[in-house]
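Below is one structure, written out as structure tokens; the observations come after it.
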Amino acid sequence: MKALHEKLATLQDYIRMLAKIFALLWKSSKHTLVLLLFFNLLAGLSLPITTIIWKFFIDSVVEAFASKDLSKPILWILIHLLYTQFNDIMHNLCRYFESNQVDYMNKHITELTLDQIERMEMADFDNAEIYDCIQKVNNESTQHSMNLLRTLILALQNFSSMSGAIVIFLNFGPLILLISFFACLPSLVINIKMSSKLFDIFTKRFERLRFINYLKSVVITYENIKEVKVNRLNSYFKTMIINDFNTFLNEDKKIRKKFSSQNSMASLLENIVSYSFQIYILVKVVSRNLTLGDLTLFISTLSNFQNSIQNVLSSISSFYDDALYIQNLFSLLEREIPNQEATSTPYPADFEKIEFQNVYFKYPGREEFVLKNISFILSAKKSYSFVGLNGSGKTTLVKLLLRLYKPTSGNILMDDININDIDLEQYYKHIGAVFQDFIKYPFNIEKNIALGAIEDLNNFSKVKKAAEQSGADRFIEELPLKYATMLNKEWSEATQLSLGQWQRLAISRAFMSDSSILILDEPTASLDAEAEFELFTKFKDLMFDKTTILITHRLSTIRLVDEILVLKDGQVLESGNHDTLLRYNGEYARLYKMQSDMYMKGELVNEGSH
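With our numbering, letter number 111 in the sequence shown gets 119, and the count goes up by one each step, no holes.
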């Protein structure tokens, strides 16, 4: 992926980016944005108006020295009081609408991002550049979007102040303001160069930053603490993290030192121009026999104008800086995703078979095939088990069946329909799955189970029945808050479950589903042998009238299934039931004998699937 800042290199690209950002703000909340811009324009006029009020106040005070009449100075003080109150109301309204617009924008960006991620395929997440882009959006876009809004508001206020200053100087010497403007441009160029340089560094080190953040999460996550402490890893991880921070800090210090020197020179130029013009204004006021109020007005207006210029130019620099980061958001949102709506074939509820026809598959960006010429038939309402060593292709087959990936070549059919032509929403409604790497959702127990059938999210009786079927109800009923218990120590009043208890909740989710296809990927990996045996007897009921695929390394449990497919090096080596394969005395018999010997010796190691 090209360095993102190259897309902003020209003025045309910059304007296009401004248009995209404004469209993002507009779609977030049109009404709020219009009111926000209007009140900020009014607020921006406060400086020139206040300066004019003080000009008349000073002149009235000078007159009062001679006339001893204080009515005019008091009147101008009252006018200033009323305008100050009006100005306070304007700023409060600005803050109110700004806060609302930030919230609307965060909601809009979150919604757009989640919608796009939902449309993306599993293969997109395997692409390191795309995955990094997603993480950058997740980590950076919200904050930089807020910065962009605040920068836009600041620029608008200062532009309004500059306009007021120009009106005041029209009859005195507008050329002064023009020269002051150009004197501030070097700072803009320097800051844009610095932003571009820092963004390049951020992009290059992002993967390492992601690694550091992951390492920090390893150290502070509750489940990891015991292993980190026992293995005395805190100091080792801390050293790795701090060393990287020191490296980044030294790199950044060099860049900041260089640009700080350049900024100091640019500031010197601005100050020379500013104070030269203040002397010029003093000479002009005296020579034209103008009032003390006029002197105060013009010097204050010049100072305010220069500050507004600096703020506007700083806003442009900040806008450029934040736009570089938010470009990741637009890169993600503008990424073309295949239209899922095109696959609208209804799900064949009464299908008779699932057939893999000459299926080859390799993961995106890889050269080697994980599956090679796979062909077999799964009959409806029968149970099957995929068996093989790690890396044999078992879980990859399941991923293809789940439509997380598409075959590189070949077809997967339900009767005569390619599964990738079936409406995806309907397809997933008819599939229930228990994964080895199941999710520990940050909800209470009831919702953790109910997520297995999102349409039954509020069906507590079904949740309770699913927990009873998995055996999870026994530990749930012992908890003070029962099904309302929050899980994980990160949350207040939460309970920390064992891995086996978490797995029972994951299995409960499978019992929630009224699916016709059931996939069990190491569903009992975290359970002891007794609990596993008890649960597998319940799986007989769960598998009834369903097409079931079971992946497990514990070969003693797969006698329940109707047929076993043995995989090796991405190919189906053998198939048949348990007794048939033992008599065949091939790969399955070898694995079964090896595992039986390990059981006898008490050395069985529970492996995960790949």
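Just so it is clear, CB atoms sit at the ideal spot from N, CA and C, and this is done for glycine as well.
Bear in mind the structure is a predicted one, so any value in this text is a computation, not a measurement.
Worksheet entry | Expected contact under 8 Å - CB spacing of Glu363 and Lys370 to nearest Å | Glu363 to Lys370, Cβ: 21 Å. No contact.
Discussion item. For Thr118, report the span of its alpha helix (DSSP H) as first-last.
Written reply: Thr118 -> alpha helix (DSSP H) spans Ser79 to Arg127.
Worksheet entry | Opening and closing residue of the alpha helix (DSSP H) in which Gln143 lies | Note, Gln143: alpha helix (DSSP H), Ala136 to Lys144.
Fill in: For Ser75, the first and last residue of its enclosing alpha helix (DSSP H)
Ser54 to Ser75 is the extent of the alpha helix (DSSP H) around Ser75.
Worksheet item: The beta strand (DSSP E) with Asn419 in it runs from where to where?
Response: Counting along the chain, Asn419 sits inside the beta strand (DSSP E) bounded by residues Ser417 to Met422.
Fill in: Top-ranked residue by Cα proximity to Gly440, from Phe384, Phe519 and Lys472
Closest option to Gly440, Cα to Cα, is Phe519.
Discussion item. Suppose contacts are defined by Cβ-Cβ distances below 8 Å. Is Thr40 in contact with Gln109 by that definition?
Written reply: Note that the C-beta distance between Thr40 and Gln109 is below 8 Å.
Fill in: Rounded C-alpha distance that separates Met98 from Leu45
Roughly 11 Å between the two C-alpha positions.
Item to complete: For Asn312, collect the residues of the same chain with a Cβ closer than 8 Å to its Cβ; drop the 5 residues on either side in sequence, then sort them by chain order.
Response: By the criterion of a C-beta distance shorter than 8 Å, Asn312 is surrounded in its chain by Leu55, Pro56, Thr59, Ser169 and Ala173, once the five residues flanking it on both sides are discounted.
Practice prompt. Look at the alpha carbon of Tyr449 and the alpha carbon of Leu507, and state the distance between them as a whole number of angstroms.
Written response: Their Cα atoms are separated by approximately 13 Å.
Worksheet item: If we ignore side chains and look at the alpha-carbon of each, how far apart do Ile525 and Asp429 end up?
Response: Distance between Ile525 and Asp429, taken at the CA atoms: about 17 Å.
Discussion item. Could you check whether Thr416 and Tyr368 sit closer than 8 Å to each other, using their CB atoms as the reference points?
Written reply: Against a cut-off of 8 Å, the Cβ pair of Thr416 and Tyr368 comes out as a contact.
Fill in: For Gln151, the three-state DSSP class (helix, strand or coil)
Three-state result, Gln151: helix.
Fill in: For Asn48 and Gln124, believed in contact at Cβ under 8 Å, the rounded distance
So it is not a contact: roughly 31 Å between Cβ atoms.
Item to complete: Could you check what DSSP says for Phe377 in three-state terms: helix, strand or coil?
Response: Coil.
Worksheet entry | Nonlocal neighbours in the same chain, by C-beta distance under 7 Å from Gln270, ignoring five residues either side | Around Gln270: Ile198.
Worksheet item: Which of helix, strand or coil does DSSP assign to Val574?
Response: Reduced to three states, the DSSP call for Val574 is strand.
Worksheet item: Exposed or buried, which one is Leu90 when buried takes at least 16 other CB atoms within 10 Å?
Response: Exposed, because fewer than 16 other Cβ atoms sit within 10 Å of the Cβ of Leu90.
Worksheet entry | Identity of the residues DSSP links to Gln365 by a beta bridge | Asn419.
Worksheet item: By Cβ distance, which residues of its chain are closer than 7 Å to Leu26, with the 5 residues on each side in sequence left out?
Response: Residues of the same chain with a CB within less than 7 Å of the CB of Leu26, apart from the 5 flanking positions on each side, do not exist.
Worksheet item: Three or more C-beta pairs closer than 8 Å, one from the segment 186-195 and one from the segment 281-294: is that the case here?
Response: They touch, by the three-pair rule.
Discussion item. At the level of alpha carbons, what is the spacing between Phe105 and Leu43?
Written reply: Distance between the alpha carbons of Phe105 and Leu43: 7 Å.
Worksheet item: Between Lys28 and the rest of its own chain, which residues show a CB-CB distance below 8 Å, the 5 nearest in sequence each way excluded?
Response: Counting only residues of its own chain and dropping the five nearest sequence neighbours on each side, Lys28 has a CB closer than 8 Å to the CB of Phe338.
Discussion item. Just to confirm, is the Cβ distance from Val442 to Pro531 under 8 Å?
Written reply: In terms of Cβ geometry, Val442 and Pro531 form a close pair [threshold 8 Å].
Worksheet item: Does the Cβ of Leu290 have 16 or more other Cβ atoms within 10 Å, making it buried, or fewer, making it exposed?
Response: Classification for Leu290: exposed.
Item to complete: Confirm, please, whether the CB-CB distance from Ile82 to Ile61 is below 8 Å.
Response: No Cβ-Cβ contact shorter than 8 Å links Ile61 with Ile82.
Fill in: Burial state of Glu615 (16 or more Cβ within 10 Å)
Legend: pLDDT at Glu615 = 42, less than 50; position of this residue unreliable, value from coordinates given subsequently. Classification of Glu615: exposed, given that the 10 Å Cβ count is below 16.
Worksheet item: Looking only at its own chain, which residues have a Cβ that is under 6 Å from the Cβ of Gly301, when we skip the five neighbours before and after it?
Response: Excluding sequence neighbours, Gly301 sits near Lys63, Ile66 and Asp67.
Worksheet item: Using the rule of at least 16 other Cβ atoms within 10 Å of the residue's Cβ for burial, across every protein chain shown, is Asn258 buried or exposed?
Response: Exposed is the call here.
Item to complete: Could you check the C-alpha separation between Arg374 and Asn114 for me, to the nearest Å?
Response: So the alpha carbons of these two residues sit roughly 37 Å apart.
Practice prompt. Starting from the C-beta of Phe483, find all residues in its chain whose C-beta is less than 6 Å away, skip the five residues before and the five after it, and write them out in chain order.
Written response: Excluding sequence positions up to five before and after Phe483, its CB lies within less than 6 Å of the CB of Gln509, all in the same chain and listed in chain order.
Practice prompt. Please state whether DSSP places Thr247 in a helix, a strand or coil.
Written response: In the structure shown, Thr247 sits in a helix (DSSP, three-state: H, G or I).
Practice prompt. Output the distance between the C-alpha atoms of Ser195 and Ile307, rounded to the nearest integer angstrom.
Written response: In this structure, the alpha-carbon of Ser195 lies about 22 Å from that of Ile307.
Discussion item. For the alpha helix (DSSP H) containing Val406, name the first residue and the last one.
Written reply: Where Val406 is concerned, the enclosing alpha helix (DSSP H) stretches over Lys402 to Leu409.
Discussion item. Rounding to the nearest angstrom, what Cα-Cα distance links Lys38 and Leu32 in this structure?
Written reply: When rounded, the distance between both Cα atoms is 10 Å.
Practice prompt. Would you give the residue range spanned by the beta strand (DSSP E) that Glu582 belongs to?
Written response: Here the beta strand (DSSP E) through Glu582 covers Gln579 to Gly584.
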